[in-house]
Amino acid sequence: MATTRIECATENCAGCMEVDGRNRRDADYRAKKLIERGWTCRACDNRAVVERDAAAGHPALEGSEKQIAWAATLRERTLKTLDPIVSDAVKSAAGRLFYTSGGVCGMQNMVLELAVVVKAIGEPAVREAVEAIRAETDARFWIDGREEAPHQTISAVARRLADEARAMSPEGKAEAAAQQEAMAEATLRPPEPVSETIAELSCRDGRLVARYDERTETFNTTVKGLGYVWDPAAVAWVRRHNSLMMGTATDRLAETAHELIAAGIVVALYDPEARAKAIDRSYEPEHRRWVSLVPSGANEGKLRLTWGRDEDLYSAFRSLPGATYRDKACLVPATSRDAVIDFVEAHGFRITPGAKKRMDEVMAQRQRGIVVDAVARPKAEPVKAKARGDRPDPMDIPEHVGIDDDLVDHD
Ligand SMILES: [Zn+2]
């Protein structure tokens, strides 16, 4: 390994670079080749881009010196490809440009992607976005967007321009104000919030949804304790609403909100009825101890017992005749109805209509059955074992011992 230093080709520039080689000769050779090609340092390259930029009439960029140099390189590259792509995309969207089948290259792919955007938002909006891009002087815009394909940059800018136009219009301003008011009205704050992040509660498609943009133990423990489970697809904690056992969705939202506020979390709840109930705690607290019916599957017809996560009723449950824990469920055969009824009374459980019907069926079946006064067959006399250490009874030894006649070989 050897290195050779080369200097920037620009006159009076002190820029230099160490060229690596396998050995002295190799490093010198590589250095010579780069000098022949007129190697210049990065500072000079950046300055050259900025000069070309000014010559091309691009507006001056804003940012730190390093950001400006980098952004100028990125802008030069982007603007060079943007115009031809836009004009081809407009033609393609109008059905005036076709690529022959059999492999579309990178450039053609960009055109086709942009043509989709042209069709979606129209040529004027695309042209307007391109002009805005050309006029963009914030160095960060070019640096942040360096990985984006042209159609992505253009649609993002077009969307931003539309948002800006809306924010400037009277209707847009009215809408924003109304939204802000609604949000302020929907927000319930604890006296001393643990954070300013707002938890959003809603009920959609029969599911209670709790969203929170902060990862905290306080929030997670609270919603988990209320029976919510994390849904990675929804990026939220969710709970299927079952009106049979859970009461109304409004009450459940109100209760969730109340519990979160009690834990110090700011909550947004748009449903006015749920919000009112959360504030004055007028919701019916969820009854969590239930006897329900397993409607299908391997355990169909069995009774299922459920209770709150923080309650310990498992050993009491296990004392029920036929009690089993299977498929994450505490199950009892319906024939144990009498014991279940006692259990329900002792521990304040409620019975769903389905489970009640099943228990009644068991009772009816019991009454319908023919009563047979059967007598169990007598048990065999138990054989008394001799106490250890006793002498065994003497064997009866026959007086005459001989071979049975049948067994004697007469041949
Ligand atoms: Zn230089």
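Plus 1253 on top of the position in the sequence shown (first one is 1) and you've got this note's numbering.
Cβ coordinates follow ideal geometry from the N, Cα and C atoms, glycine included.
Remember, it's a predicted structure, so these values are computed and weren't measured experimentally.
Asked	Found
How would you call A1435, buried or exposed, if buried means at least 16 neighbouring beta carbons within 10 angstroms?	exposed
Is H1269 near ligand 1, with its Cβ less than 6 Å from a heavy atom?	Per the sequence presented here, residue 1269 reads as Cys, with His not at that position. Incorrect: C1269 has no Cβ contact closer than 6 Å to ligand 1.
For ligand 1, I want to know if T1293 counts as a neighbour, meaning its beta carbon is within less than 6 Å of at least one of the ligand's heavy atoms.	yes
Taking just the CA atoms, how far does E1449 sit from S1313?	The amino acid occupying residue 1313 in the given sequence is Ala; Ser does not appear at that position. Each residue's Cα considered, the two are about 40 Å apart.
What are the boundary residues of the beta strand (DSSP E) that W1323 is part of?	Run containing W1323: none in the beta strand (DSSP E); it sits in the alpha helix (DSSP H), 1318-1346.
With A1402 and E1366 assumed to form a contact (beta carbons below 8 Å), what rounded beta-carbon distance in angstroms separates them?	6 Å
Across the region 1438-1456 and the region 1517-1525, are there enough close Cβ pairs to call them in contact, namely three or more that are closer than 8 Å?	yes
Curious, which full-length alpha helix (DSSP H) runs of at least 4 residues does the region 1257-1292 contain?	1277-1289
From T1475 to D1595, what distance separates their C-alpha atoms?	32 Å
Going straight from the alpha carbon of S1572 to that of V1544, what length do you get?	16 Å
Less than 8 Å between the CB atoms is what I'm expecting for I1407 and V1369, so what's the real figure, rounded?	Their Cβ separation, rounded to whole angstroms, is 11 Å, which puts I1407 and V1369 out of contact at 8 Å.
Which one of A1322, E1389, K1581 has the shortest CA to CA distance from A1296?	A1322
Using the Cα positions of A1510 and Y1465, report the straight-line distance between them to the nearest angstrom.	12 Å
Given the structure, does T1326 come close to ligand 1, in the sense that its CB is under 6 Å from one of the ligand's heavy atoms?	no
Considering only DSSP beta bridges, list what W1490 is partnered with.	A1463, W1483
With G1274 and A1255 assumed to form a contact (beta carbons below 8 Å), what rounded beta-carbon distance in angstroms separates them?	5 Å
Going by C-alpha distance, which of D1613, L1497, R1579 is nearest S1589?	D1613
Throw me the rounded Cβ distance for the A1324 and A1392 pair, which I believe falls under 8 Å.	4 Å
Can you tell me where the beta strand (DSSP E) holding C1583 begins and where it ends?	1582-1585
Got a sec: does ligand 1 put a non-hydrogen atom nearer than 6 Å to the Cβ of A1331?	Per the sequence presented here, residue 1331 reads as Thr, with Ala not at that position. No, Cβ of T1331 sits at least 6 Å from all heavy atoms of ligand 1.
Is DSSP giving R1562 helix, strand or coil here?	coil
Report the option in N1552, T1559, D1504, R1603 whose CA atom is closest to the CA atom of P1586.	N1552
What are the start and end residues of each continuous alpha helix (DSSP H) run of 4 or more residues lying completely inside the region 1404-1479, in chain order?	1423-1439, 1470-1478
Which stretch, first to last residue, makes up the beta strand (DSSP E) that contains V1520?	1519-1522
Nearest CA to the CA of E1564: which residue from V1593, A1592, A1280, G1601?	G1601
Determine the DSSP secondary structure at I1623, reduced to helix, strand or coil.	coil
Which residues mark the beginning and the end of the beta strand (DSSP E) in which Y1536 is found?	Counting along the chain, Y1536 falls outside any beta strand (DSSP E), and DSSP gives it neither H nor E.
Looking at C-alpha atoms only, which residue of T1605, A1592, Y1481, M1616 is the closest neighbour of L1461?	Y1481
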